[in-house]
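Notes for the one structure printed next.
As C-alpha coordinates, then:
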(Lines of atoms letter the chains of each structure in order from A and count residues from 1; the text may use other names and numbers.)
(Lines give C-alpha, C1' and ligand atoms only; values in the text may rest on other atoms or scores of the structure.)
Protein backbone atom coordinates (compact mmCIF):
# COMPACT_ATOMS: atom_id res chain seq x y z
CA UNK A 1 0.00 0.00 0.00
CA UNK A 2 1.40 3.47 -0.90
CA UNK A 3 2.84 5.80 1.79
CA UNK A 4 3.55 2.95 4.18
CA UNK A 5 -0.11 2.20 4.87
CA UNK A 6 -1.20 -1.21 6.10
CA UNK A 7 -4.26 -2.74 4.47
CA UNK A 8 -6.56 -4.93 6.54
CA UNK A 9 -10.23 -5.97 6.70
CA UNK A 10 -12.52 -3.48 8.42
CA UNK A 11 -14.55 -4.47 11.46
CA UNK A 12 -17.07 -3.20 13.97
CA UNK A 13 -14.31 -1.59 16.05
CA UNK A 14 -13.47 0.68 13.09
CA UNK A 15 -16.93 2.21 12.80
CA UNK A 16 -16.16 5.49 14.59
CA UNK A 17 -13.10 6.15 12.41
CA UNK A 18 -15.03 5.25 9.24
CA UNK A 19 -17.90 7.55 10.22
CA UNK A 20 -15.41 10.37 10.78
CA UNK A 21 -14.07 9.81 7.26
CA UNK A 22 -17.60 9.78 5.83
CA UNK A 23 -18.28 13.12 7.50
CA UNK A 24 -15.27 14.96 6.02
CA UNK A 25 -16.55 17.94 4.05
CA UNK A 26 -20.24 17.32 4.82
CA UNK A 27 -22.64 20.04 5.92
CA UNK A 28 -23.52 19.55 9.62
CA UNK A 29 -27.08 18.39 8.88
CA UNK A 30 -25.72 15.64 6.63
CA UNK A 31 -23.19 14.26 9.10
CA UNK A 32 -23.61 10.81 10.54
CA UNK A 33 -23.44 9.95 14.20
CA UNK A 34 -21.85 6.61 15.03
CA UNK A 35 -25.09 5.27 16.46
CA UNK A 36 -27.13 6.46 13.48
CA UNK A 37 -24.70 4.85 11.04
CA UNK A 38 -24.71 1.62 13.04
CA UNK A 39 -28.51 1.45 12.92
CA UNK A 40 -28.58 2.38 9.22
CA UNK A 41 -26.26 -0.49 8.40
CA UNK A 42 -28.38 -2.86 10.48
CA UNK A 43 -31.38 -1.78 8.40
CA UNK A 44 -29.82 -1.92 4.95
CA UNK A 45 -26.80 -4.21 4.94
CA UNK A 46 -26.33 -7.92 4.46
CA UNK A 47 -23.41 -10.26 5.01
CA UNK A 48 -21.97 -9.73 1.51
CA UNK A 49 -20.38 -6.37 2.24
CA UNK A 50 -16.65 -5.94 1.81
CA UNK A 51 -14.90 -3.30 3.92
CA UNK A 52 -11.16 -2.69 4.00
CA UNK A 53 -9.23 0.00 5.86
CA UNK A 54 -5.76 1.48 5.56
CA UNK A 55 -3.85 2.16 8.77
CA UNK A 56 -0.81 4.35 9.15
CA UNK A 57 0.92 4.85 12.48
CA UNK A 58 -2.10 3.41 14.27
CA UNK A 59 -4.69 5.66 12.61
CA UNK A 60 -7.19 4.76 9.91
CA UNK A 61 -6.42 7.06 7.00
CA UNK A 62 -8.64 5.51 4.33
CA UNK A 63 -11.33 2.92 3.79
CA UNK A 64 -13.21 1.32 0.93
CA UNK A 65 -16.36 -0.74 0.83
CA UNK A 66 -18.37 -2.73 -1.67
CA UNK A 67 -22.07 -3.06 -0.88
CA UNK A 68 -24.72 -5.11 -2.74
CA UNK A 69 -27.31 -2.61 -1.50
CA UNK A 70 -29.47 -4.60 0.90
CA UNK A 71 -32.97 -3.11 0.60
CA UNK A 72 -31.67 -1.09 -2.38
CA UNK A 73 -30.18 -4.05 -4.27
CA UNK A 74 -30.16 -3.52 -8.04
CA UNK A 75 -31.72 -6.24 -10.25
CA UNK A 76 -28.79 -6.22 -12.68
CA UNK A 77 -26.25 -6.93 -9.93
CA UNK A 78 -24.75 -3.42 -9.81
CA UNK A 79 -22.81 -2.81 -6.60
CA UNK A 80 -22.37 0.31 -4.47
CA UNK A 81 -18.88 1.55 -3.75
CA UNK A 82 -17.34 4.03 -1.33
CA UNK A 83 -13.67 5.06 -1.24
CA UNK A 84 -12.57 7.75 1.24
CA UNK A 85 -9.10 9.04 2.11
CA UNK A 86 -8.27 11.63 4.77
CA UNK A 87 -7.41 14.96 3.08
CA UNK A 88 -3.81 14.97 4.32
CA UNK A 89 -3.12 11.64 2.59
CA UNK A 90 -4.76 12.30 -0.76
CA UNK A 91 -2.74 12.38 -3.96
CA UNK A 92 -0.42 9.56 -2.83
CA UNK A 93 -2.09 6.67 -4.67
CA UNK A 94 -4.02 5.25 -1.72
CA UNK A 95 -7.43 5.89 -3.29
CA UNK A 96 -6.35 4.35 -6.59
CA UNK A 97 -5.00 1.26 -4.82
CA UNK A 98 -8.29 0.83 -2.98
CA UNK A 99 -10.23 1.39 -6.19
CA UNK A 100 -8.28 -1.42 -7.86
CA UNK A 101 -9.18 -3.76 -4.98
CA UNK A 102 -12.87 -2.86 -5.17
CA UNK A 103 -13.02 -3.25 -8.94
CA UNK A 104 -11.30 -6.64 -8.82
CA UNK A 105 -13.79 -7.85 -6.21
CA UNK A 106 -16.75 -6.49 -8.18
CA UNK A 107 -15.58 -8.28 -11.31
CA UNK A 108 -15.15 -11.51 -9.34
CA UNK A 109 -18.85 -11.19 -8.46
CA UNK A 110 -19.72 -10.61 -12.15
CA UNK A 111 -21.12 -7.15 -11.41
CA UNK A 112 -21.78 -5.14 -14.59
CA UNK A 113 -21.24 -1.74 -13.00
CA UNK A 114 -20.38 0.21 -9.88
CA UNK A 115 -22.43 3.01 -8.33
CA UNK A 116 -21.22 5.75 -6.03
CA UNK A 117 -21.82 9.37 -5.04
CA UNK A 118 -19.80 12.49 -4.35
CA UNK A 119 -20.63 16.07 -3.46
CA UNK A 120 -20.34 18.81 -6.06
CA UNK A 121 -18.03 20.53 -3.56
CA UNK A 122 -15.54 17.64 -3.87
CA UNK A 123 -13.98 19.03 -7.04
CA UNK A 124 -10.75 17.03 -6.76
CA UNK A 125 -12.64 13.84 -5.95
CA UNK A 126 -14.89 14.27 -8.98
CA UNK A 127 -11.86 14.89 -11.18
CA UNK A 128 -10.21 11.73 -9.81
CA UNK A 129 -13.37 9.69 -10.43
CA UNK A 130 -13.68 10.96 -14.00
CA UNK A 131 -10.05 10.05 -14.64
CA UNK A 132 -10.83 6.54 -13.33
CA UNK A 133 -13.68 6.05 -15.81
CA UNK A 134 -16.72 7.16 -13.81
CA UNK A 135 -19.49 9.22 -15.38
CA UNK A 136 -22.21 11.38 -13.90
CA UNK A 137 -25.58 9.57 -13.81
CA UNK A 138 -27.75 12.24 -12.17
CA UNK A 139 -27.95 14.63 -9.26
CA UNK A 140 -29.68 14.42 -5.91
CA UNK A 141 -30.70 17.77 -4.45
CA UNK A 142 -30.90 17.68 -0.66
CA UNK A 143 -32.43 20.44 1.44
CA UNK A 144 -33.15 20.94 5.11
CA UNK A 145 -35.68 22.80 7.23
CA UNK A 146 -34.41 24.50 10.36
CA UNK A 147 -37.21 23.76 12.83
CA UNK A 148 -35.90 26.28 15.35
CA UNK A 149 -37.16 28.97 12.94
CA UNK A 150 -40.88 29.82 12.60
CA UNK A 151 -42.96 27.81 10.17
CA UNK A 152 -46.64 28.02 9.21
CA UNK A 153 -49.21 26.43 11.49
CA UNK A 154 -50.61 23.21 10.00
CA UNK A 155 -54.12 24.66 10.09
CA UNK A 156 -57.03 22.71 8.66
CA UNK A 157 -56.02 19.98 6.22
CA UNK A 158 -57.99 19.11 3.05
CA UNK A 159 -58.35 15.55 4.41
CA UNK A 160 -58.05 13.93 7.83
CA UNK A 161 -54.51 13.35 9.08
CA UNK A 162 -53.28 10.72 11.53
CA UNK A 163 -49.89 9.71 12.87
CA UNK A 164 -48.54 6.47 11.49
CA UNK A 165 -47.70 5.45 15.08
CA UNK A 166 -51.39 5.53 15.98
CA UNK A 167 -52.57 3.84 12.82
CA UNK A 168 -49.87 1.27 12.08
CA UNK A 169 -48.39 0.08 15.37
CA UNK A 170 -48.70 -2.77 15.56
CA UNK A 171 -48.91 -2.70 11.79
CA UNK A 172 -51.60 -5.03 10.50
CA UNK A 173 -50.87 -6.83 7.26
CA UNK A 174 -53.80 -5.07 5.61
CA UNK A 175 -52.70 -1.57 6.61
CA UNK A 176 -49.05 -2.26 5.79
CA UNK A 177 -50.05 -3.52 2.34
CA UNK A 178 -52.25 -0.46 1.78
CA UNK A 179 -49.37 1.84 2.63
CA UNK A 180 -47.02 -0.10 0.36
CA UNK A 181 -49.46 0.06 -2.54
CA UNK A 182 -49.72 3.83 -2.13
CA UNK A 183 -45.93 4.04 -2.04
CA UNK A 184 -45.68 2.11 -5.32
CA UNK A 185 -48.34 4.31 -6.98
CA UNK A 186 -46.56 7.49 -5.90
CA UNK A 187 -43.07 6.21 -6.59
CA UNK A 188 -43.96 5.40 -10.20
CA UNK A 189 -44.64 9.11 -10.80
CA UNK A 190 -41.55 10.56 -9.10
CA UNK A 191 -39.10 11.99 -11.65
CA UNK A 192 -35.63 10.51 -11.41
CA UNK A 193 -36.47 8.18 -8.53
CA UNK A 194 -34.28 5.10 -7.97
CA UNK A 195 -35.88 1.70 -8.24
CA UNK A 196 -38.74 1.16 -5.81
CA UNK A 197 -38.34 -0.94 -2.68
CA UNK A 198 -40.05 -4.31 -2.75
CA UNK A 199 -42.72 -5.04 -0.16
CA UNK A 200 -40.33 -6.61 2.33
CA UNK A 201 -37.80 -3.81 1.93
CA UNK A 202 -40.50 -1.15 2.39
CA UNK A 203 -41.80 -2.69 5.56
CA UNK A 204 -38.33 -3.29 6.97
CA UNK A 205 -37.03 0.18 6.15
CA UNK A 206 -40.11 2.41 6.41
CA UNK A 207 -42.28 0.75 9.05
CA UNK A 208 -40.16 -1.44 11.31
CA UNK A 209 -36.48 -0.46 10.97
CA UNK A 210 -34.53 0.83 13.97
CA UNK A 211 -34.39 4.37 12.56
CA UNK A 212 -38.09 4.60 11.71
CA UNK A 213 -39.89 7.46 13.48
CA UNK A 214 -43.55 6.50 13.20
CA UNK A 215 -44.44 9.24 15.69
CA UNK A 216 -43.06 11.80 13.21
CA UNK A 217 -44.72 10.17 10.19
CA UNK A 218 -48.24 11.00 9.04
CA UNK A 219 -50.90 9.68 6.68
CA UNK A 220 -53.82 11.47 5.00
CA UNK A 221 -57.17 9.68 5.12
CA UNK A 222 -60.21 9.99 2.87
CA UNK A 223 -62.64 8.03 5.00
CA UNK A 224 -60.74 4.83 5.78
CA UNK A 225 -58.57 5.03 2.66
CA UNK A 226 -54.97 6.21 2.93
CA UNK A 227 -54.40 8.85 0.21
CA UNK A 228 -51.13 10.43 1.31
CA UNK A 229 -48.13 9.87 3.55
CA UNK A 230 -44.91 11.40 4.76
CA UNK A 231 -42.45 8.99 6.38
CA UNK A 232 -39.66 10.07 8.71
CA UNK A 233 -36.44 8.52 10.01
CA UNK A 234 -34.29 9.68 12.90
CA UNK A 235 -30.75 10.90 12.33
CA UNK A 236 -29.89 11.39 15.99
CA UNK A 237 -31.60 13.05 18.96
CA UNK A 238 -32.06 16.43 17.23
CA UNK A 239 -32.16 15.56 13.52
CA UNK A 240 -34.50 13.64 11.24
CA UNK A 241 -34.90 12.74 7.57
CA UNK A 242 -38.01 12.63 5.40
CA UNK A 243 -37.63 9.28 3.66
CA UNK A 244 -40.75 9.53 1.50
CA UNK A 245 -43.69 11.85 0.80
CA UNK A 246 -46.43 11.04 -1.68
CA UNK A 247 -50.11 11.60 -2.50
CA UNK A 248 -52.54 9.36 -4.37
CA UNK A 249 -53.10 10.51 -7.94
CA UNK A 250 -56.76 11.45 -7.36
CA UNK A 251 -55.87 13.67 -4.39
CA UNK A 252 -52.97 15.67 -5.79
CA UNK A 253 -52.88 19.47 -6.09
CA UNK A 254 -55.12 19.85 -3.04
CA UNK A 255 -52.43 20.73 -0.51
CA UNK A 256 -52.23 17.22 0.97
CA UNK A 257 -48.42 16.95 0.81
CA UNK A 258 -48.01 20.43 2.28
CA UNK A 259 -50.33 19.59 5.20
CA UNK A 260 -48.51 16.32 5.87
CA UNK A 261 -45.16 18.07 5.96
CA UNK A 262 -46.40 20.83 8.27
CA UNK A 263 -47.81 18.29 10.71
CA UNK A 264 -44.43 16.51 10.64
CA UNK A 265 -42.69 19.85 11.28
CA UNK A 266 -44.86 20.58 14.30
CA UNK A 267 -44.48 17.17 15.91
CA UNK A 268 -40.76 16.96 15.19
CA UNK A 269 -40.13 20.40 16.68
CA UNK A 270 -42.26 19.50 19.73
CA UNK A 271 -40.07 16.44 20.39
CA UNK A 272 -36.77 18.34 20.11
CA UNK A 273 -35.82 17.83 16.46
CA UNK A 274 -34.01 20.93 15.20
CA UNK A 275 -33.43 20.04 11.54
CA UNK A 276 -35.33 17.96 8.99
CA UNK A 277 -33.46 16.78 5.90
CA UNK A 278 -34.97 15.62 2.61
CA UNK A 279 -33.72 14.46 -0.81
CA UNK A 280 -35.11 14.83 -4.31
CA UNK A 281 -33.81 14.12 -7.77
CA UNK A 282 -32.91 17.28 -9.66
CA UNK A 283 -35.79 16.58 -12.10
CA UNK A 284 -38.45 16.46 -9.35
CA UNK A 285 -39.30 20.14 -9.62
CA UNK A 286 -42.80 19.77 -8.16
CA UNK A 287 -41.72 18.57 -4.72
CA UNK A 288 -38.75 20.90 -4.70
CA UNK A 289 -41.12 23.86 -5.20
CA UNK A 290 -43.22 22.70 -2.24
CA UNK A 291 -40.11 22.43 -0.10
CA UNK A 292 -38.88 25.86 -1.16
CA UNK A 293 -42.20 27.42 -0.14
CA UNK A 294 -41.96 25.67 3.21
CA UNK A 295 -38.60 27.24 3.94
CA UNK A 296 -36.18 24.43 3.13
CA UNK A 297 -32.60 25.50 2.51
CA UNK A 298 -30.74 23.85 -0.40
CA UNK A 299 -27.50 21.95 0.13
CA UNK A 300 -24.72 21.25 -2.40
CA UNK A 301 -25.82 18.66 -4.93
CA UNK A 302 -24.95 14.99 -4.50
CA UNK A 303 -23.61 13.71 -7.82
CA UNK A 304 -24.54 10.11 -8.63
CA UNK A 305 -21.73 8.28 -10.39
CA UNK A 306 -21.64 5.11 -12.43
CA UNK A 307 -18.77 3.05 -13.80
CA UNK A 308 -19.36 0.25 -16.30
CA UNK A 309 -17.04 -2.66 -15.65
CA UNK A 310 -15.51 -3.92 -18.86
CA UNK A 311 -14.57 -7.62 -18.54
CA UNK A 312 -10.82 -8.22 -18.50
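Numbering (this note's numbering), first residue to last: 50 to 361.
Quick reminder that beta carbons are idealized off the backbone N, C-alpha and C, glycines included.
The three-state reading of DSSP puts residue 57 in strand, counting E and B together.
A straight-line Cα-Cα distance of about 15 Å links residue 266 and residue 253. In this structure, DSSP gives residue 50 a state outside helix and strand, which the three-state scheme calls coil. A straight line joining the alpha-carbon of residue 108 with that of residue 95 spans about 27 Å. Between residue 258 and the set 313, 88, 200, 142, the nearest pair of CA atoms involves 88. Around residue 204, the same chain offers no residue with a beta carbon nearer than 7 Å, after the five sequence neighbours per side are excluded.
The alpha-carbon separation between residue 327 and residue 142 amounts to approximately 35 Å. With a contact defined as Cβ atoms closer than 8 Å, residue 335 and residue 300 miss out at about 14 Å.
In the DSSP assignment, residue 334 falls within the unbroken alpha helix (DSSP H) covering 334–342.
Contact check for residue 290 against residue 192 fails: the beta carbons are separated by 8 Å or more.
Assignment of residue 131 by DSSP, reduced to helix, strand and coil, places it in the strand class.
296 is the residue among 349, 296, 149, 53 whose C-alpha sits nearest the C-alpha of residue 228. Taken through DSSP and simplified to helix, strand or coil, residue 92 comes out as helix.
By the 16-neighbour rule on beta-carbons within 10 angstroms, residue 320 is exposed. Assigned with DSSP and collapsed to three states, residue 277 falls in strand. For residue 353 against residue 120, the beta-carbon gap comes to about 18 Å, at or over 8 Å, which does not count as contact. Within the DSSP bridge table, the entry for residue 355 names 164, 184 as partners.
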